[in-house]
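Per my numbering, the very first residue in the sequence shown carries number 12; after that it's consecutive. No residue lacks a Cβ here, since even glycine has one placed at the ideal position from N, Cα and C.
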Amino acid sequence: MKGDVARYVLLPGDPARVKVIASLWDESRKVAENRQYVTYTGKVSGINVSTTSTGIGGPSAAIAVEELARCGADTFIRVGTCGGYQKDQKIGDIAIATGAVRWEGTTRQYVPIEYPAFSTPEIVMALVEAAERVGVNYHVGITKSGDSLYAGMAFGGYQQSWMWRVPAELDEERRSGLHTIKRRQRRDGSVNDIHSREPVPPTGRLGLLNH
């Protein structure tokens, strides 16, 4: 409900990560828990912030963003993990998304597939500034999201070889939350920890990932 959620919201997928994030704040309290959605609200340097888990995949991420927006949130940052495609990316680096390849179905319920999924520029710049301030290795580029982890994203799934050259990283929730946010004229961004490398061979054919 309004008053329980701050305007700034961090969106991990895993409910367990919500408590970890909130533990780093100056103060925090749990305000809601239902199914895969756990929400904490608190303060960081005097600024009200919230964090809510979105669960796995686009449909649940869209639900989370819809309901958070109705509670007064207007700035959303996806925080999670992803696989890296580019040769210069290392495990433990940070990926900041400028946009997303919409390889899924949820966003088509909002806008046609031709409509681009892009991050809010000032949020991207703020994330880059933060990464430089704390001294982490980071990469800025396009992410790719799909509906199936095993058949389409990683762990032996098939990938189109053009992804070797285009996306910087891949995750499952990014673009669904983004399009829901854009529809409601809110701001968004995405910062993910690269936890694996996805070696898609540039052969011009479908490549089998060995993860």
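- By the criterion of a C-beta distance shorter than 8 angstroms, R18 is surrounded in its chain by N59, G83, A84, D85, T86, once the five residues flanking it on both sides are discounted.
- A direct Cα-Cα distance of roughly 35 angstroms separates K30 from Y126.
- For I74, the enclosing alpha helix (DSSP H) covers residues 69-81.
- Shown here, T109 sits in a strand according to DSSP, grouped into three states.
- Between D199 and T154, the C-beta gap is not smaller than 8 angstroms, which leaves the two residues out of contact.
- Annotation: E115 is outside any alpha helix (DSSP H) and is labelled neither H nor E by DSSP.
- Of the other Cβ atoms in all chains shown, fewer than 16 fall within 10 Å of the Cβ of P123; this residue is therefore exposed.
- Pairing A80 with T63, the inter-Cα distance amounts to about 12 angstroms.
- Of the other Cβ atoms in all chains shown, fewer than 16 fall within 10 Å of the Cβ of I102; this residue is therefore exposed.
- With fewer than 16 other Cβ atoms inside 10 Å of its own Cβ, L160 counts as exposed.
- G91 is the residue among D37, D15, G91 whose C-alpha sits nearest the C-alpha of R28.
- Shown here, K30 sits in a helix according to DSSP, grouped into three states.
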